[in-house]
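What follows is a single structure, written as C-alpha cells, with notes after it.
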Amino acid sequence: MKPIDLLHLDTPGIIGCYLVETDDGPALFDCGPATCVEHLKTGLGERGLALTDLRHLLLSHIHLDHAGAAGTLVREHPGLQVHVSEIGVPHVIDPSKLEASARRLYGDAFDALWGELAPVPAENVHAVGAEVVGLECFPTPGHASHHVSYLDSQGTLYAGDAAGVRIGGGAFVMPPCPPPEFDLEAWEQTIFEIERRAPDRLALIHFGAYNEVEAHLATLRETLDRWAQWIADGMDEQTFVAAARQDVSQTDPDLADAYDRAAPYWHHYRGVERYWRKRREGTA
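When the letters of the sequence shown are read in order and numbered with our numbering, they come out as residues 29 to 312.
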C-alpha cells in the first residue's frame, strides 16, 4: 500500500496520508497541512476519487503536519466527518490555541510550512471510541498525549507518529519527540500495545508502509531509549543535533537531511529536554 504523497514544500516522501476503506465508505487517515491540499486532491484524483467522495477523516492527532488541513477540507466538503481523540476535539473545533503555540515554535516559518488553520464545525467532529467505522481504535500516547491509532481487519496499523519516522525506505526508525507532550514511559507502553496486537504492517505518515513490524518496533524502542538517555545525561542541544544526525548517518548515510526535514533534530531535543526538566521539577 502506498501513501498519497503530499509533497510538502514540494519535497517527495516527507508527509503522506492514506486512503482507507471503511464500513461507511472511503476515509482518509490524516490529511497533512493546508499548504498541501492541492497535492492531496491530485493524489485522490490519481486513485479515481474527488475530495467529495470521502466520507470520513480519521486523525491520529492534531499536530499540523497531520491534521492542519482538516478545517479547509470540511469547508470545501461539508459532509466530511472528522474523528479525533476526545482531547483533540476542542482544538479541532477552535484551533486558536494550537495555532498560537505552533507560531511560537515555528516563528516566521509558520505560514510557509502549514498555511491556514481553519476551524471544523462542531457537528462534523466526533470523539473516537474503541471502534471507528469498522476499525479498531486505541490510544497510542508518547509522541503526544492525545495520539490514537487505527487497526483494520487486513492487519494494517495506521500509526501516525506512534511507530516513528522512517524516510526513503531507510532502516533507521526515528522517534519524533517535539514539545510539549513527549512522554517516555507512555511511548514505551504504546510500543508494547502495538506489539500485543501484532499488526502485519505499519502505515507511517513519515513515510510509507513497512511489513517487518517486529524489527521496526525494536529499532524504534532502541533509538527512543538511547536519545532519551543522552539528554538525561546532560547533552546540550547543539551536541544532540550533531549526535542524532550522526546516528541516522551510520544506518542511512544519504538520508540524514531527509530525516531532518520530516522531524527536525532540534524538535527531539526540546521535547525530551522538557520531559526530563518537568520530571526533575516534579520530583523536587
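Beta carbons: idealized from backbone N, C-alpha and C, even for Gly.
Since the structure is predicted, the reported quantities are computational estimates derived from the model, not experimental observations.
Rounded to whole angstroms, the gap between the alpha carbons of Arg75 and Arg302 is 42 Å. Spanning the alpha carbons of Ser124 and His94 requires a straight line of approximately 17 Å. Less than 8 Å separates the beta-carbon of Phe200 from that of Val276. Excluding sequence positions up to five before and after Ala140, its CB lies within less than 8 Å of the CB of Leu37 and Thr63, all in the same chain and listed in chain order. The residues Phe268, Tyr297, Val300, Glu301 and Trp304, in chain order, have a CB closer than 7 Å to that of Ile259 in the same chain once the five nearest residues on each side in sequence are set aside. For Pro167, the three-state secondary structure derived from DSSP is strand. With fewer than 16 other Cβ atoms inside 10 Å of its own Cβ, Arg224 counts as exposed.
Apart from the 5 residues on each side of it in sequence, Ala286 sits with its Cβ closer than 6 Å to the Cβ of Ile195 and Gly196 in its chain, given in chain order. One Cα belongs to Ser88, the other to Leu145, and the distance between them is close to 17 Å. Contact check between the stretch 159 to 176 and the stretch 185 to 194: three or more CB pairs, one atom from each, fall below 8 Å, which counts as touching.
About 5 Å separates the CB atoms of Val156 and His111; that is less than 8 Å, so the two are in contact. In the three-state reduction of the DSSP assignment, Leu108 falls in the coil class, being assigned neither a helical nor a strand state. Non-local C-beta neighbours of Pro207 in its own chain, meaning closer than 6 Å and more than five positions away in sequence, comprise Arg298, Gly299 and Arg302, ordered along the chain. Comparing C-alpha distances from Leu35 to each of Arg307, Ala290, Lys306 and Trp294 shows the shortest one belongs to Ala290. Ranked by Cα distance from Val241, the first of Pro227, Ile233, Trp215 and Asp264 is Pro227.
A distance below 7 Å between beta-carbons, with the five flanking residues on each side excluded, links Gly71 to the following residues of its chain, in chain order: Ile32 and Asp33. Look at the stretch 47 to 87 and you find these whole runs of alpha helix (DSSP H), each 4 residues long or longer: 65 to 74.
Spanning the alpha carbons of Ala150 and Glu114 requires a straight line of approximately 13 Å. Under the DSSP assignment, Ser129 falls in the alpha helix (DSSP H) whose first and last residues are Ser124 to Tyr134.
For Arg194, there is no enclosing beta strand (DSSP E), since its DSSP letter is neither H nor E. DSSP places Ala286 inside the alpha helix (DSSP H), whose first and last residues are Ala284 to Ala290. By the neighbour-count criterion, in which a residue is buried when 16 or more other Cβ atoms sit within 10 angstroms of its Cβ, Asp81 is exposed.
In the structure shown, the three-state DSSP call for Gly310 is helix.
Rounded to the nearest angstrom, the Cβ distance from Val176 to Cys165 is 6 Å, consistent with a contact under 8 Å. Membership of Leu252 in the alpha helix (DSSP H) is indicated by the continuous run Val241 to Ala260.
DSSP places Leu212 inside the alpha helix (DSSP H), whose first and last residues are Leu212 to Arg225.
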